[in-house]
Amino acid sequence: MDNLLILLIAGGLGGLIGALIGNTRHRQGAGCALGFFFGPIGWIIVLLLPAGPAPVKTNARPVVPASAYGLSADTVAKKKAQERAWKNAQSE
1 MDNLLILLIA GGLGGLIGAL IGNTRHRQGA GCALGFFFGP IGWIIVLLLP AGPAPVKTNA
61 RPVVPASAYG LSADTVAKKK AQERAWKNAQ SE
């Protein structure tokens with residue numbers, strides 16, 4: 001039982017380090033798996049793998065219909081006009 005616990009702790013630590021190394025190469029899952037099963041050899045393999053595709057970052061906010069907030073179209077139009085006026089006043 002003690003040997004199994006030591007093996008799982010060592011594998012978990014190797015997987016954590018492998019995930020950290022893989023994160024720099026955009027291959028966090030592969031780094032974790034290779035680090036868990038192969039330890040330092042897996043870390044080297046992750047470093048030798050080609051870099052994965054970079055994640056796409058967007059600043060888009062989800063569009064929620066005004067009716068979800070119980071607002072009428074007229075209220076939304078007034079609110080947008082107020083926001084535009086505020087932005088214009090701030091930029092001047």
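In terms of our numbering, the sequence shown opens at residue 1 and continues consecutively. All residues carry an ideal CB built from backbone N, CA and C; glycine is no exception.
Would you call Arg27 buried or exposed, if buried means 16 or more other Cβ atoms sit within 10 Å of its Cβ?
buried
Give the DSSP-derived three-state secondary structure of Leu71 in the structure shown.
coil
Please go through the same chain and pick out, in chain order, the residues whose beta-carbon is closer than 6 angstroms to the beta-carbon of Gly15, but skip the five residues on each side of it.
Cys32, Gly35 and Phe36
What residue from Gly52, Arg25, Pro53 and Pro62 has the CA that sits closest to Trp43's CA?
Out of Gly52, Arg25, Pro53 and Pro62, Arg25 has the C-alpha closest to the C-alpha of Trp43.
Assuming Val46 and Ile21 are in contact, meaning their beta carbons sit under 8 angstroms apart, how far apart are those beta carbons, in whole angstroms?
5 angstroms
Tell me the residue span of the alpha helix (DSSP H) that contains Gly35.
In the DSSP assignment, Gly35 falls within the alpha helix (DSSP H) that extends over Gln28 to Phe38.
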